[in-house]
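Undergrad:
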Amino acid sequence: MIFTRKVFWVFPLLAGGLALGQVRADAPEELRFGVHVRPILSHNCMQCHGPDENHRKAKLRLDVESGLFGGSGDERIVVPGKPAESLLYQKITAHDPDDRMPPEESKKKLSADEIATIKRWIEQGAEWEGHWAFVAPKRPGLPKVQRRAWPRNPIDFFTLARMEPNGLEPSREADRRTLIRRVCLDLTGLPPSPGAVERFVNDTDPGAYEKLVDSLLASERYGERMTLAWMDAARYGDSSVFHDDGVRYMWPWRDWVIRAYND
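Using the numbering used here, read the sequence shown as starting at 2 and increasing by one per residue.
1. For W129 versus F34, is the C-beta distance shorter than 8 Å?
2. Would the segment 152-167 count as touching the segment 100-108 if we require 3 or more Cβ pairs under 8 Å?
3. Would you please state the rounded distance, in angstroms, between the beta carbons of P307 and K120? I believe it to be under 8 Å.
4. Do V146 and L161 come within 8 Å of each other at the CB atom, strictly closer than that value?
5. Check whether the segment 231-242 touches the segment 184-202, taking contact to mean three or more Cβ pairs, one atom from each stretch, closer than 8 Å.
6. Grab me the residues of Y262's own chain with a C-beta within less than 7 Å of its C-beta, minus the 5 sequence neighbours each way, in chain order.
7. Please determine, among C49, P141, R173 and Y210, the residue with the shortest C-alpha to C-alpha distance to F159.
8. On a CA-only basis, which of S87, I93 and I116 is nearest H37? Give me that one, please.
9. At what residues does the alpha helix (DSSP H) containing K120 begin and finish?
10. Can you tell me where the alpha helix (DSSP H) holding L186 begins and where it ends?
11. Start and end of the alpha helix (DSSP H) containing W257?
12. Can you name, in chain order, every residue of its own chain whose Cβ lies under 7 Å from the Cβ of W122, other than the five neighbours on each side?
13. For P144, I'd like the list of residues in its chain whose CB is within less than 7 Å of its CB, leaving aside the five on either flank, ordered along the chain.
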């Protein structure tokens, strides 16, 4: 009986170790703070260690670089390259419930995957990234692909780079009637006229599709189509519907959003 109990205790430990090893094996080679770490901290820690002064505890902020890499001596929050010396990692892996973060009363708990992610990020040097909204975008290099003759533009390289590792083949190009219908619905929300279809089908210019896309982007209908999501989010309407249909003053905002796309 004693031996059986030991087996039952050892098995979950082994399974847990294998699971954690699987998490680490499946994790991306290079972890980014903004993509992989900030979401974990935001969901589990920012309520008590974020920008809200009224709810902040221990005067600690994890949403800013000075806070995340602050502290001194044995209480440095994050020590790049050294998870064991990082107070953040010590707290999320503490065995004592009184020391472990997040606290039990928060009803939040980091998964083994999330803990492994934070550990690997620290091991890799704990490079800080500002919030994506305030970071100037950088044009990435083109990924390597095997079928270099297939891509026609940079986007094709990224699409093919995700397909090839999964053994997927690009679909054959659709016929021109299908192409013009698709792109018109995507960019203007309206089907093409019969005349526009015939002109596109009979256009022998190798750049016919590019010309079609440029003409649709230059159309006023493009701005109207792109504005729909903003109108829906703001619950915009040209009519009061259920009430007396009086004068409405919101239309300048509608037109401003449309012009923002078209200009």
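Note that CB positions come from ideal geometry on N, CA and C, so glycine has one too.
TA: Taking the definition as stated:
1. yes
2. no
3. The chain is shown from 2 up to 264; residue 307 falls before or after that span and cannot be answered.
4. yes
5. no
6. Y223, G224, M227 and T228
7. P141
8. I116
9. A113 to E124
10. R177 to T189
11. W252 to N263
12. L32, F34, H37 and V38
13. F158, F159 and A162
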